[in-house]
Amino acid sequence: MTPGWLLRGVRLYGEAPVDLLIKDGVIAEVGSGLRAHGADVFDVGGLVALPGLVDLHTHLREPGREDAETVTSGSRAAALGGFTAVHAMANTDPVADTAGVVEQVWRLGRETGLVDVAPVGAVTVGLGGSQLAELGAMADSAARVRMFSDDGHCVSDPALMRRALEYVKAFGGVIAQHAEEHRLTEGAQMNEGVHSARLGLTGWPAAAEEAIIARDVLLAEHVGSRLHVCHVSTAGSVELLRWAKGRGVDVTAEVTPHHLLLTDELAATYDPVYKVNPPLRTACDVEALRAGLADGTIDAVATDHAPHAVEDKECEWGAARPGMLGLQQALSIVQLTMVDTGRLDWRGVADRMSARPARIGGTVRDGHGGDLVAGAPANLLLLDPAVTSVVDPAELASRSRNTPYAGRELPGRVVATFLRGVPTVLDGKAQA
Amino acid sequence: MKHLLSAADLDREAATLVLDTAAQMDAALAGREVKKLPTLRGRTVVNLFYEDSTRTRISFELAAKRLSADVITFSAKGSSVSKGESLKDTALTLEAMGADAVVVRHSMSGAPHRLAQWVRGSVVNAGDGTHEHPTQALLDAFTMRARLGRLEGLRVTIVGDVLHSRVARSNVLLLSTLGAEVTVVAPPTLLPVGVDAWPVEVSFDLDQSLPKADVVMMLRVQRERMSASYFPSPREYSRRYGLDATRMAMLAEHAIVMHPGPMNRGMEIAAEVADSVRSTIVEQVSNGLSVRMAVLYLLLGGAEVAA
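Line by line, the protein sequences give chains A and B.
Take 1 as the starting number for the first sequence in this note's numbering and just add one per residue.
Take 1001 as the starting number for the second sequence in this note's numbering and just add one per residue.
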């Protein structure tokens, strides 16, 4: 057991400085003028402490595409971004549609030990959209899967979606839907609008996302199930969610950092680093997403961290794979778009990036998403919100380099991350 | 100007210079026994064609040869391209061979933009996906100017599959730069969402826009679009949007009919229209040669034209 850590002058949620003592994996004491009791003293004057972040949507690529990311490299990126838990999406090769695969991913996460890796199980066998995977077996496995998603693919068949929503109630599961009416997005390359018209790239209409969300909230209401909507990207989706929540439908939703910041005019470069699914939308959509996150219509920020090998991005736009890195810059983007604009305070950030995602994905059971109070598991991060830095893709911990923020100056730096009292990041460096 | 990727790369002055230079090319070659100018001697032009296009490929090849450049043609079939080599690796290979200009035709929008980031030489877009085809727009403008004497204030109606047409996109940009008034006419299914931001008038009714047009440009419409429900049948399409003799009679006396080819006779254009005196279809092909000579000459900064 380590002697513990005494953080002197730390600003919990950006509030007045106090001391915080970490011992035996928990927050032992919070107060002023605390004694070290043999713990290492860390004079953090002015740093902001937040509960460890929880990502509902990460692609770790292992097994199958270890050239793009591994559980280890992705865990490192996550820890550096201030995360203590990530949900690993199921679209690996083989697909995470059996107890065996989810246990493998879960075990790899434990061996790395930088973040808790909570595997997401596929809804359908092989993400094929036609037959339910053994959801119960994955729930009962060592990985204790509670979130299921065919992410990358929409569960299109409405009858199958209904059954999935119903079935997971037996073990408190949730279906996380990638909302995309695929008949409306055949060959789609970018948001359908003024820019796609000019660039000659096939459009991905907002209605293709909204139609599925509308259908699914009605299904969830009908069968009394819990629905989570992945990477909401349009103003219309926010409106539908607001309507559904107003009716009392048990629906939650996430937004990605890139949809909070970037817009579809970036496609004019034809650089596929800006190609992502759902695509970057308009400035109006960005505004609606920020408003939705601020008022709680959107529950969580989730990265959709999607590493891709160089050859899958250094090519024609149409040939490139969709997706962008997100773990290491997520908190900076949220600071830039939500905190520095006055739309969320740090407690709000903790709610949207830790508390609510931990409840949605079920990692509350592992001590994530709790408040920074005495007795709570010591899952937290220390942030210096005052510094800015320019994103250099070569310095990222991910095996891949497909960040859309290269060369951008972003605020905030994660100085340290603690997982159950053990530093996974210290002085901005990963500890494994 | 380093590259020609989009018709939007040309302001009014630059576009006019290309058209004037093309006219000079014509004049310089007229009456010569040997149809060759020495201006690009020792320069290398690579034609990189990922998509079959006999017409455009031959036109560029001949244009470069008439300027005495060394010309190499890479086509998707029978080269490393068909073995799955990436665009970037192909670009680096061309770079290593010392290509001064790369003329690229590709089925994916934006491929020439990517190429331009990877090679030092000039890149000419010879048609990319459903995006643009700037030299086609230049040759069309050249043809209009030659036939009608001006471009400023000219009323041009572009008819057909605007949604999938790179010819339409480049023409809209270039013609509006040059002061023409453009109307696009198509069934609503074949117009892009977002067309309202274009500097054009939009109409669904061909008959209404014909009497006032100085130029009617018919776009190729693939019959296969029917299967994706863009229109119910080729017959209905041609009834509502095809240019036949009856419709041609509605045109002003001076009005011309253009088509970028290849034509679907009986679909978007009737044979008697294609073969009429109003039709500039054959002239467009020969003007294409002069315009492409002008583009290569201006990009590669060859020696004086008037030798």
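Glycine is no exception: its CB is placed at the ideal position from the N, C-alpha and C atoms.
Close-in-space but distant-in-sequence residues of the same chain around A/Pro377 (CB under 6 Å, 5 per side omitted): Val26, Gly367, Arg420
Closer than 9 Å between beta carbons: that is the criterion. Which residues of the stretch 180-195 of chain A meet it against chain B? Glu186, Gln189, Glu192, Gly193, Val194, His195
Between B/His1113 and B/Ala1091, what straight-line distance do the alpha-carbon atoms span, to the nearest angstrom? 12 Å
Confirm, please, whether the CB-CB distance from A/Ser332 to A/Gly412 is below 8 Å. yes
Residues of its chain near A/Asn402, where Cβ-Cβ distance is below 6 Å and the 5 sequence neighbours each way are ignored: Val273, His308, Lys313, Met324, Leu325
When you compare only the Cα positions, how much space is there between B/Arg1169 and B/Thr1135? 12 Å
Can you tell which of B/Glu1085, B/Arg1278, B/Leu1219 has the C-alpha that lies nearest to the C-alpha of B/Ala1245? Each of B/Glu1085, B/Arg1278, B/Leu1219 was checked against the Cα of B/Ala1245, and the nearest Cα belongs to B/Arg1278.
Using DSSP with H/G/I as helix, E/B as strand and the rest coil, what is B/Leu1010? Of the three classes helix, strand and coil, the one that applies to B/Leu1010 here is coil, per DSSP.
Closest residue to A/Phe42 among A/His259, A/Ala430, A/Leu426 (Cα-Cα distance): A/Leu426
Buried or exposed: where does A/Gln435 fall if 16 or more other Cβ atoms within 10 Å of its Cβ makes it buried? Past the edges of chain A, shown from 1 to 432, lies residue 435 of chain A, and the structure says nothing about it.
Give the DSSP bridge partners of A/His87, in chain order. A/Ala118
Along the beta strand (DSSP E) that carries B/Met1258, what are the first and last residues, could you check? The continuous beta strand (DSSP E) containing B/Met1258 extends over residues 1256-1258.
For chain D, check one thing: does any of its Cβ atoms lie closer than 8 Å to the Cβ of B/Leu1087? As a matter of chain content, chain D is missing from the structure shown, whose protein chains are A and B.
Test item: CB-CB of A/Ser149 and B/Gly1194 under 8 Å: no
Limits of the beta strand (DSSP E) - the one that A/Leu227 falls within: 227-229
Distance CB(A/Thr303)-CB(A/Leu114) smaller than 8 Å: no
For A/Cys315, would you say it is in contact with chain B, using Cβ-to-Cβ distances shorter than 8 Å as the test? yes
Test item: CB-CB of A/Leu184 and A/Ile213 under 8 Å: no
Between the C-alpha atoms of A/Ala267 and A/His37, what's the straight-line distance to the nearest angstrom? 56 Å
Can a CB atom of chain B be found closer than 8 Å to the CB of A/Tyr270? The C-beta of A/Tyr270 comes closer than 8 Å to at least one C-beta of chain B.
Contacts around A/Glu409, its chain only, beta-carbon distance under 6 Å, and the 5 residues preceding and following it disregarded: Thr388, Val390
What residues from chain B crowd round A/Ala197, counting only those whose CB sits closer than 8 Å? Within chain B, the residues Pro1192, Val1193, Gly1194, Val1195, Ala1197, Trp1198 have their CB atoms less than 8 Å from the CB of A/Ala197, given in chain order.
Pair every Cβ in the stretch 1011-1026 of chain B with every Cβ in the stretch 69-80 of chain A, then say whether three or more of these pairs are closer than 8 Å. Segments in contact, no.
With a CB to CB cut of under 7 Å and the five nearest residues on each side skipped, what residues in its chain are close to A/Val251? Val217, Ala220, Leu227, Val229, Leu241, Ala244, Lys245
Chain A contact residues for B/Glu1132, given Cβ-Cβ distances below 8 Å: Gly200
Would B/Met1248 and B/Asp1207 be called neighbours here (beta carbons separated by less than 8 Å)? no
7 Å Cβ cut-off: residues of chain B touching A/Glu311: Ser1086
For B/Ala1116 and A/Gly407, what's the separation of their Cα atoms in angstroms? 20 Å
Taking A/Gln189 as the reference, give the member of A/Arg281, A/Pro385, A/Thr417, A/Ala306 with the closest Cα. The residue among A/Arg281, A/Pro385, A/Thr417, A/Ala306 with its C-alpha nearest the C-alpha of A/Gln189 is A/Arg281.
Would you say A/Gly113 reaches chain B, if we count a Cβ-Cβ gap shorter than 8 Å as a contact? no
Cβ of B/Met1217 less than 8 Å from any chain A Cβ? no
Tell me the residue span of the alpha helix (DSSP H) that contains A/Lys245. 235-246
When the distance is taken between beta carbons, is B/Pro1199 closer than 8 Å to B/Val1172? yes
Looking at the unbroken alpha helix (DSSP H) that takes in B/Glu1236, where does it start and where does it end? For B/Glu1236, the enclosing alpha helix (DSSP H) has its first and last residue at 1234-1241.
If you pair each beta-carbon of the stretch 1135-1145 of chain B with each one of the stretch 1289-1304 of chain B, do three or more pairs fall below 8 Å? Yes, since at least three Cβ pairs between the stretch 1135-1145 of chain B and the stretch 1289-1304 of chain B fall closer than 8 Å, the two stretches touch.
Closest to B/Ser1086 by C-alpha separation, out of A/Val232, A/Thr363, A/Glu316, A/Leu60, would be which residue? With distances taken between Cα atoms, B/Ser1086 lies closest to A/Glu316.
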